[in-house]
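Okay, so the sequence shown: first residue is 1 according to the working numbering, each after it adds one. Every residue gets a Cβ at the ideal spot worked out from N, C-alpha and C, and that includes glycine.
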Amino acid sequence: MCGIIGYVGQQPAVPIVLEGLSQLLYRGYDSAGVSGLISPGVLRIVKQVLPDGQFDDFKAKVEDSRFPESCTNAIGHTRWATHGGRTVLNAHPHCDGSGQIAVVHNGMLENWRELKAELIGLGCRIVSETDTELIAHLFALKLQETKGDIRQAILSTVSSLQGANGILLQYARYPDLLIGIRKGSPLSYAKLDDGAFMVASTGDPFLPYTRRCKHLRDGDIIIIQGGKVEEFSFHNGRRIPVSIPSVELEGSAEDVALEGYPHFMLKEIMTQPERLPDVLGGRLRLETGLVKLGGLEASSLALKKLKRAKHFWFIGCGTSYHAAQIVARMFRQHLHVHAEAKQASEVTLDDILSGCSPGRSVVFALSQSGETKDLLDAIEYLRARGVGLVAGIVNVVGSSLVTLTDGAGVYLRVGPEIGVASTKAFSSQVLVGAMITVWLAQQRGQLSPDQSIPFVRAIAEIPEQLRVVLAQSEAIRKLAEYIMKFTSLMMLGRGYHYATALEGHLKVVEVSNMACEVQPAGEMKHGPLALVTDGYPVVMVATRDSSRTAILHNISELQARGAFVIGITTDGDTEMAKIVNQAIYIPDTPPELATILAATSLQLLAYHLGLLNERNVDKPRNLAKAVTVK
Ligand code: F6R
């Protein structure tokens with residue numbers, strides 16, 4: 001949420017920052033801005049509101065502003081508005097009163113009210129409605145107090161900031177200076193081959209230049225000056241030198257490019273057959289049925305806790321929560337344990353450990369970004385209540401979530417997800433969840449590898465089976481055209497597929513902005529059936545499983561009222577295919593894995609509905625990826 005980037009080196013900085021910003025747009029696209037240091041003491045700032053998330057006009061405006069080639073220090077920002085509306089005045093970068101200090105920021109100052117009052121009291125003229133501007137004024141005051149001592153001023157500034165924040169700061173007096181702060185929100189930096197530095201809220205913008213980077217840990221601060229970087233950490237107002245580990249960047253420059261696809265959402269849906277094998281790679285032994293998950297086996301303490309645990313909590317937000325529901329159900333079905341899913345934003349409001357032994361409870365936190373604030377808060381809340389183990393199911397390596405786990409977890413390894421609507425991350429979360437289920441059943445002696453062979457092979461077949469679903473994209477587009485005759489639709493499923501329906505519903509709402517009712521199919525007759533009129537589109541996840549007979553009844557009940565039922569059916573179930581008004585086919589697989597195939601067909605439906613409704617499918621209205629605010 002909000003993308004920040006900076007460059008300082010020998011090359012013209014603004015084009016590099018612009019290129020990086022275009023890759024960070026998915027983190028927020030209300031407005032964008034850059035600040036370039038055009039001569040000692042002088043910053044030039046260009047910013048603009050982005051209509052419908054479109055970046056091109058802004059890019060042209062920056063190019064027209066003719067930053068000199070000698071401008072080798074620049075910072076940039078793409079904004080997801082939190083404090084103050086989507087206006088140019090509120091767009092970052094923000095400056096202090098002298099215009100010497102420019103700040104870009106990701107996060108939220110929790111004490112902004114008190115800080116604002118204090119700064120106004122000290123004579124600062126605040127011009128925007130943002131909390132970010134306060135940081136620039138505060139740093140300027142601290143510089144005065146410390147007689148220009150940058151290090152003391154930055155420590156003193158940071159100690160006055162509350163909340164989760166990632167900050168990048170320029171000070172025009174020093175053309176070779178950039179300061180980065182990670183206090184709750186992500187920030188990474190890379191040293192390029194020519195000695196230049198890049199800083200950004202994720203490592204992806206570094207990929208065209210380098211494969212190595214450093215992810216700042218919470219409390220880390222970097223001061224880049226004179227071609228060198230000083231790394232330190234902040235403790236009770238004291239500066240402690242640290243050494244931030246260097247890591248290999250995941251993914252490649254191709255991952256963050258469209259590669260011929262019109263949208264990232266379509267690319268990320270369509271390339272799943274090629275990406276999902278990486279999720280499975282080396283983890284399944286098809287001949288013996290053995291599952292190996294290094295990230296859960298490495299720590300003997302974590303392994304012991306997993307084997308002894310009585311309660312399992314799967315927490316996440318949005319799409320990750322829907323995957324969590326499916327994985328929790330798999331645990332109940334295969335491990336016969338108490339396993340529940342919970343929206344992370346609700347965890348701190350509900351005593352979910354009531355009646356459980358906290359020490360014998362395990363939390364699995366699911367997240368694509370690993371930066372979702374509600375999730376991080378939920379982990380801290382549960383940890384404070386003595387939960388035995390926190391493990392992660394996460395895509396982004398080095399994300400905040402990873403640092404909050406007990407060194408236990410499984411990476412998704414599905415590559416960067418750029419489309420704001422999560423697609424391949426959902427599929428990989430469910431796949432990883434299925435592998436963890438079998439792995440733990442084997443570890444706990446509930447399933448021998450031999451007995452696991454059919455399920456393990458079913459997991460391994462999913463990437464290829466997805467091709468059958470993806471090949472129906474054109475047929476699904478035609479169904480979307482039919483749905484366009486109505487202002488809303490309904491989505492239903494039972495058992496595992498209630499979560500599938502929830503996920504399909506979320507995709508349709510966020511990408512196409514169409515109203516969509518979602519219910520467990522059996523609940524439909526307790527109210528939502530009132531929506532059905534002649535021809536009304538109802539998507540029913542109707543695969544071959546134990547709910548099939550009940551689903552057949554529900555379809556008759558809907559059709560008796562005139563509904564047009566689009567069934568997601570199992571290939572070969574000719575009876576079901578005949579009964580529904582229109583069928584989408586998915587290959588046969590156990591219901592827990594059928595969620596992936598069925599949800600993918602709904603991702604395609606949402607994509608086509610988004611296009612037909614003339615929506616920006618990669619940047620849905622009002623949303624952004626990596627929700628780092630509460
Ligand atoms: C929906 C979507 C969101 C995210 C949610 C959690 O398409 O992308 O609902 O799933 O914001 O994000 P992560 O998985 O990064 O924690």
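A contact is defined here as three or more CB-CB pairs under 8 angstroms, and the stretch 150-169 meets this definition with respect to the stretch 99-111. Rounded to the nearest whole angstrom, the CA to CA distance from F264 to G419 is 5 angstroms. Taken through DSSP and simplified to helix, strand or coil, P358 comes out as helix.
For V256, the closest alpha carbon among the candidates R238, V337, L207 and T288 is that of L207. Q343 has its Cβ no nearer than 6 angstroms to any heavy atom of the ligand F6R. By the rule of a C-beta closer than 5 angstroms to any heavy atom of the ligand F6R, the residues picked out are C317, G318, T319, S320, S367, Q368, S369, T372, A421, S422 and V627. DSSP places L612 within a helical segment (H, G or I) once states are collapsed to three.
For H322, the three-state secondary structure derived from DSSP is helix. Look at the stretch 21-53 and you find no whole run of alpha helix (DSSP H) that is 4 residues long or longer. Segment contact: the stretch 592-606 against the stretch 395-411, fewer than three CB-CB distances shorter than 8 angstroms; contact not assigned. Looking at A560, Y189, F455 and L612, the one whose alpha-carbon comes closest to that of R285 is F455. If you compare the alpha carbons of G409, I315 and V390 with that of V397, the shortest gap goes to G409.
Its Cα nearest to that of M514, the residue G504 stands out among E523, G504 and A521. Closest option to R360, judged by alpha-carbon separation, among L597, L301 and L119: L301. Within a 10 Å sphere around the beta-carbon of T288 sit fewer than 16 other beta-carbons, which makes this residue exposed.
Counting only residues of its own chain and dropping the five nearest sequence neighbours on each side, A341 has a CB closer than 6 angstroms to the CB of F314, A324, Q325 and A328.
Relative to the Cα of R211, the nearest Cα in the group E250, G522, G227 and L529 belongs to E250. Inclusion of G388 and K305 in the CB contact set at 7 angstroms is warranted, their separation being smaller than that value. In the three-state reduction of the DSSP assignment, W80 falls in the coil class, being assigned neither a helical nor a strand state. Given a length threshold of 4 residues, each whole run of the alpha helix (DSSP H) inside the stretch 358-388 is given here in chain order: 373-384.
With a beta-carbon spacing of about 4 angstroms, S31 and A91 fall inside the 8 angstroms limit used to define contacts. Pairing T82 with G28 gives a Cβ-Cβ distance that is not under 7 angstroms. The C-beta of E510 has 16 or more other C-beta atoms within 10 Å across all chains shown, which makes the residue buried.
Taken atom to atom, the span from the alpha-carbon of T570 to that of L276 is near 21 angstroms. DSSP lists H77 as the beta-bridge partner residues of I4. DSSP, read as helix, strand or coil, puts T423 in coil. DSSP places K292 outside any alpha helix (DSSP H), giving it a letter other than H or E. By the Cβ criterion, the stretch 363-376 is not in contact with the stretch 443-452, since fewer than three pairs of Cβ atoms, one from each stretch, lie closer than 8 angstroms. In the structure shown, the three-state DSSP call for Y411 is strand. From the listed residues E231, G493 and V199, the smallest Cα separation to P520 is found for G493. Taking 4 residues as the minimum length, the alpha helix (DSSP H) runs contained wholly in the stretch 144-208 are 150-159, in order along the chain. Under a 10 Å Cβ-count criterion, S422 is classified as buried, with 16 or more other Cβ atoms of the shown protein chains found around its own Cβ. For G282 and G294, the gap between their C-alpha atoms comes out near 10 angstroms. By the 16-neighbour rule on beta-carbons within 10 angstroms, G121 is exposed. R457 carries a helical assignment under DSSP once its states are collapsed to helix, strand and coil. Classified as buried, A624 has 16 or more neighbouring CB atoms from the shown chains inside 10 Å of its CB.
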